[in-house]
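Colleague: In this text, residue positions in the sequence shown follow the working numbering: the first is 9, and each later residue adds one.
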Amino acid sequence: MTTTTPTAAHAAPTTRTGRLARLWRGRPEDAPWARPAFLGLLAVTTALYLWNLSASGYANSFYSAAVQAGGESWKAFFFGSLDAANAITVDKPPAALWPMALSVRLFGLGSWQILLPEVLMGVGTVAVLYAAVRRRFGAGAGLIAGTVLALTPVAALMFRFNNPDALLALLMTVAVYGVLRALERAEGAAKWLVLAGVAFGFAFLTKTLQAFLILPPLALVYAVCAPARPLRRFGQLGLAGLALVVSGGWWVALVELWPAASRPYVGGSQNNSFLELTFGYNGLGRINGNEVGSVGGGGGGGQGGGWGETGPLRMFNDSIGGQISWLLPAALLLLLAGLVVTWRAPRTDTARAAFLVWGGALLMTLGVFSFMAGIFHEYYTVALAPYLAALVGMGAAVLWEERTRFAASAVLAAAAGVTAWWGWTLLGRTPDHLPWLRWTVLVAGAVAALGLLAAGRADRRLGLAAAGLGLAAGLAGPFAYTLETLSTGHQGSIVTAGPAGAGFGGRGPGGGGPRMDGGDGGRNGGTQPPNGFPNGFPGGGQAQGGQFPGGQMQPPNGQSQNGRTQPPGGQSQGGQNQPSTGRTGQAPTGRTPGFGERGGMGGGGGMGGLLNGASVGAEAKAKLLQDADAYTWAAAAVGAQNAASYQLATEEPVMAIGGFNGSDPSPTLARFKEYVAEGKIHYFIGSGGGGTGGGTGGPGGGAGSSSEISTWVQENFTAVTVGSATFYDLTSEK
Numbered sequence: 009m010t011t012t013t014p015t016a017a018h019a020a021p022t023t024r025t026g027r028l029a030r031l032w033r034g035r036p037e038d039a040p041w042a043r044p045a046f047l048g049l050l051a052v053t054t055a056l057y058l059w060n061l062s063a064s065g066y067a068n069s070f071y072s073a074a075v076q077a078g079g080e081s082w083k084a085f086f087f088g089s090l091d092a093a094n095a096i097t098v099d100k101p102p103a104a105l106w107p108m109a110l111s112v113r114l115f116g117l118g119s120w121q122i123l124l125p126e127v128l129m130g131v132g133t134v135a136v137l138y139a140a141v142r143r144r145f146g147a148g149a150g151l152i153a154g155t156v157l158a159l160t161p162v163a164a165l166m167f168r169f170n171n172p173d174a175l176l177a178l179l180m181t182v183a184v185y186g187v188l189r190a191l192e193r194a195e196g197a198a199k200w201l202v203l204a205g206v207a208f209g210f211a212f213l214t215k216t217l218q219a220f221l222i223l224p225p226l227a228l229v230y231a232v233c234a235p236a237r238p239l240r241r242f243g244q245l246g247l248a249g250l251a252l253v254v255s256g257g258w259w260v261a262l263v264e265l266w267p268a269a270s271r272p273y274v275g276g277s278q279n280n281s282f283l284e285l286t287f288g289y290n291g292l293g294r295i296n297g298n299e300v301g302s303v304g305g306g307g308g309g310g311q312g313g314g315w316g317e318t319g320p321l322r323m324f325n326d327s328i329g330g331q332i333s334w335l336l337p338a339a340l341l342l343l344l345a346g347l348v349v350t351w352r353a354p355r356t357d358t359a360r361a362a363f364l365v366w367g368g369a370l371l372m373t374l375g376v377f378s379f380m381a382g383i384f385h386e387y388y389t390v391a392l393a394p395y396l397a398a399l400v401g402m403g404a405a406v407l408w409e410e411r412t413r414f415a416a417s418a419v420l421a422a423a424a425g426v427t428a429w430w431g432w433t434l435l436g437r438t439p440d441h442l443p444w445l446r447w448t449v450l451v452a453g454a455v456a457a458l459g460l461l462a463a464g465r466a467d468r469r470l471g472l473a474a475a476g477l478g479l480a481a482g483l484a485g486p487f488a489y490t491l492e493t494l495s496t497g498h499q500g501s502i503v504t505a506g507p508a509g510a511g512f513g514g515r516g517p518g519g520g521g522p523r524m525d526g527g528d529g530g531r532n533g534g535t536q537p538p539n540g541f542p543n544g545f546p547g548g549g550q551a552q553g554g555q556f557p558g559g560q561m562q563p564p565n566g567q568s569q570n571g572r573t574q575p576p577g578g579q580s581q582g583g584q585n586q587p588s589t590g591r592t593g594q595a596p597t598g599r600t601p602g603f604g605e606r607g608g609m610g611g612g613g614g615m616g617g618l619l620n621g622a623s624v625g626a627e628a629k630a631k632l633l634q635d636a637d638a639y640t641w642a643a644a645a646v647g648a649q650n651a652a653s654y655q656l657a658t659e660e661p662v663m664a665i666g667g668f669n670g671s672d673p674s675p676t677l678a679r680f681k682e683y684v685a686e687g688k689i690h691y692f693i694g695s696g697g698g699g700t701g702g703g704t705g706g707p708g709g710g711a712g713s714s715s716e717i718s719t720w721v722q723e724n725f726t727a728v729t730v731g732s733a734t735f736y737d738l739t740s741e742k
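#1: Is the stretch 89 to 109 touching the stretch 647 to 658, taking contact as three or more C-beta pairs under 8 Å?
#2: Can you tell me where the beta strand (DSSP E) holding A642 begins and where it ends?
#3: Counting pairs of beta carbons, one from the stretch 446 to 465 and one from the stretch 475 to 488, are three or more of them closer than 8 Å?
#4: So the alpha helix (DSSP H) L49 belongs to, where does it begin and stop?
#5: Suppose contacts are defined by Cβ-Cβ distances below 8 Å. Is Y489 in contact with D173 by that definition?
#6: Taking 8 Å as the cut-off, does the stretch 217 to 235 touch the stretch 356 to 371 (at least 3 CB pairs, one atom from each stretch)?
#7: Would you kindly work out how many angstroms separate the C-alpha atoms of N60 and S495, rounded to a whole number?
#8: Within a Cβ cutoff of 7 Å, which residues of the same chain sit near L217, ignoring the five residues on either side of it in sequence?
#9: Give the DSSP-derived three-state secondary structure of A194 in the structure shown.
#10: Could you spell out where the alpha helix (DSSP H) holding A135 opens and where it closes?
#11: For the beta strand (DSSP E) that contains V728, what are its first and last residues?
#12: Compare the Cα-Cα distances from L491 to each of A457, Q76, M380, H441 and report the closest residue.
#13: Among the residues of its own chain, which have a CB less than 6 Å from the CB of L175, if the five just before and after it don't count?
#14: Ordered along the chain, which non-local residues of its own chain (more than five positions away) have a Cβ less than 7 Å from that of Q121?
#15: From the DSSP output, which residues share a beta bridge with M663?
#16: In the DSSP output, what is D737 paired with across the bridge?
#17: What residues are listed by DSSP as bridge partners for S501?
#18: Taking the continuous alpha helix (DSSP H) assigned at G293, which residues delimit it?
#19: For S89, write down the residues that DSSP places opposite it in a beta bridge.
#20: I need the straight-line Cα distance from L58 to L124, nearest angstrom please.
#21: Go ahead and pull the three-state DSSP assignment for Y273.
#22: Between the alpha carbons of A428 and S378, how many angstroms are there, rounded?
#23: So for K742, helix, strand or coil by DSSP?
#24: For R352, which of helix, strand or coil comes out of DSSP?
#25: For W315, does the three-state DSSP call read helix, strand or coil?
#26: Determine whether the beta carbon atoms of A325 and A381 lie at a separation below 8 Å.
#27: First and last residue of the alpha helix (DSSP H) that includes I332?
#28: Classify G6 as helix, strand or coil using the three-state DSSP reduction.
#29: Under the three-state reduction of DSSP, which class applies to D173: helix, strand or coil?
#30: If the criterion is Cβ atoms closer than 8 Å, does the pair L341 and A422 meet it?
#31: Please name the residue in V52, P507, Y395, V662 whose C-alpha comes closest to that of V127.
#32: Does the Cβ-Cβ distance between A642 and A636 come in under 8 Å?
#33: Can you say whether V232 is buried or exposed, counting buried as having 16 or more other CB atoms within 10 angstroms of its CB?
#34: Excluding the five sequence neighbours on either side, which residues of its own chain have a C-beta within less than 6 Å of the C-beta of P507, listed in chain order?
#35: Can you find the residues in the same chain that come closer than 6 Å, C-beta to C-beta, to R360, ignoring five residues on each side of it along the sequence?
This is the structure:
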């Protein structure tokens, strides 16, 4: 009797069915609920992060302009230029821009096209974190870690925003995952360390030296705990270091070797050097506060150089606490408990190594953030979220297994109690937001703590109920802040999560100065100074007589009749934000997406256009589009936010004189005159913007090329009012 082998046509359905079943069921050794719960976590996270996504419009127009430029020009894509004509780059390397620029190139310019890649990075970070924690501590620990990360308010903010921090958080989590996999066994460790090295390299191309904050603890833990001979361990680390240098250094080498005359100016540097930017403004300057060309003018100094009080409690202060610190006390307590439980384990124990890796990453980043004197924004703390979430999941799982010992159950009870108390404290800082929730969290946490204290001697179901109640109480506060974050659009350079008062202007240590926007505490690009400026602005500048340092105070994106600022989201007739649709960036109503309705304002957002861009009206847009193809740049404006507004409205290159805040020496007055003589720039946009009108070279920048250019234009060309903006036609002298 002949046996017939099934044909491919008959085998294919079985294979596909098996793969689908494996996808849903997971590994045979997993509990039946593990994989469905994980997929459910990813689905819910995706739905939450996508909800109301277009409310933020173009979010940070500084980066959105570079994304638009990269979608038009491959050269701008490679360098991270602010415009497709490649005048100047953003003040970061371009890796974070690449996914968004590819999306815009494929699907056209619009809010969703820019922000959807950020959402996918957030979901990916949750997935990688779950995988890293689950391997050693089980699916339950992985689910707790993923949920904590997804519901951290600053994570919900930044995984829907177009700053570089979303990609940085994903790459740092991938790097930790690679190191943990390498620690599992000697064979095959090299490939996982190479993965970690590549992640570090691309993280460097995302946000320069911040990527290396967690490198020392990860390398040290591997050198001590890896299951291999010492020489082999150091050889593997050397291979990972080589992968880091290659993956992060190829772009740097090309930029440094590229002739300066044929590439854009390196934004944020004073000498057109990416290495100077890396080790100066974006490097040591962030630590000591000496950031030449920054908002504060590189003064450094005490009290965080004007960026809030530094010290061990910085992450808990009124300005930052509501962003990240909800479960931070519990994470630190569970880290200590996890190390105690695993202290007597063998050198190569993977559980202890995991606590050392995640804990080292948390403590290193926490220490630098707490004491850095340079520029510091609340949203930077998203870098802490994966480490914190991992420690909560791991620590809870380890202590739950040890709950029959009174010490373990007591620590679980303490973690639940302190989390509830701290949630009660944080909710008290925004008393008008869900006032009932504050006491609910405290009472539920206290009940859970009592139940966990007896978890080792009570029925398992009662213990699980107490643990579930404690987790719910701990997550209730951040969940409420996350929902508020998701329901609100966020635009500008400085954004915070949660309701008004949760950040950017608290009253305690590191809290902000007086509110100046009459609005929501700066979440939507208001004119409130960044957190902790002792005299109102970095460097001691005062907003006196309507003046900001480096320019005139302009309301962000228009004012309503009662004087309160309007959100810069661009509204439809029904008051709802309208995303752009298609290549032209037009909203269905014909208004420019991502900006407010007030037409033609040249100044833009707070601090003279530093915090957010301008509102571009139909008349100004039409004038810029007229004969735009005949010029290299349709216009030039001081400061990148102002230039970005007009560029996003027209999708034509607009030169950002002086880079982000107008203080970069690019272009020089002589070079600008050459551009004008060659007929490459049509208009100069003169009102608003740091340093225009013959003032300084941008906030904190001092007198420089932007001031010289503004003065020369005013003296030689006639001003024309276009809506609420002032244009100078550079093709027609006085």
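A virtual CB, placed ideally from N, CA and C, is assigned to each residue, including glycine.
Modeller: Reading from the atomic positions:
#1: At 8 Å Cβ cutoff, the stretches touch.
#2: Note, A642: beta strand (DSSP E), 641 to 646.
#3: Contact between the stretch 446 to 465 and the stretch 475 to 488 is present, because at least three Cβ pairs lie under 8 Å.
#4: Boundaries of the alpha helix (DSSP H) around L49: 42 to 58.
#5: In this structure, Y489 keeps its C-beta atom at 8 Å or more from the C-beta atom of D173.
#6: Yes, they touch.
#7: In this structure, the CA atom of N60 is about 6 Å from the CA atom of S495.
#8: Closer than 7 Å at Cβ, skipping near neighbours: T286, N290, G291.
#9: Shown here, A194 sits in coil according to DSSP, grouped into three states, outside any helix or strand.
#10: Following the DSSP letters along the chain, one finds A135 inside the alpha helix (DSSP H) bounded by residues 119 to 145.
#11: Counting along the chain, the beta strand (DSSP E) containing V728 begins and ends at 725 to 730.
#12: Of the residues A457, Q76, M380, H441, the one whose Cα lies closest to the Cα of L491 is H441.
#13: Shown here for L175: same chain residues with a beta carbon closer than 6 Å to its own, the five before and five after excluded, namely A104, M129, T214 in chain order.
#14: Hits under 7 Å: S111, V112, F115.
#15: According to DSSP, which records beta bridges pairwise, M663 is partnered with A644.
#16: Paired residues: Y691.
#17: Bridge partners of S501: none, in fact.
#18: From DSSP, the alpha helix (DSSP H) with G293 extends over 293 to 296.
#19: For S89, the pairing in a beta bridge is given by DSSP as T97.
#20: Rounded to whole angstroms, L58 to L124 spans 8 Å at the Cα level.
#21: It is a strand residue.
#22: Inter-residue distance for A428 and S378 is about 23 Å (C-alpha atoms, whole angstroms).
#23: Looking at K742 - three-state DSSP - the assignment turns out to be coil, as it is neither helix nor strand.
#24: R352 falls in the coil class under three-state DSSP.
#25: Three-state result, W315: coil.
#26: Note that residue 325 is Asn in the sequence shown here, rather than Ala. Contact flag unset, no.
#27: Its alpha helix (DSSP H) spans residues 329 to 332.
#28: The chain is shown only over 9 to 742; residue 6 falls outside these bounds and no answer can be derived.
#29: Assigned with DSSP and collapsed to three states, D173 falls in helix.
#30: A422 is positioned such that its CB atom lies closer than 8 Å to that of L341.
#31: Cα-wise, what sits closest to V127 is V52.
#32: Yes, the Cβ-Cβ distance between A642 and A636 is below 8 Å.
#33: Burial call: exposed.
#34: Within the same chain, P507 has close Cβ partners T438, H441, E492.
#35: Here R360 has T350, A353 as same chain residues with Cβ atoms under 6 Å from its own Cβ, once five neighbours each way along the sequence are excluded.
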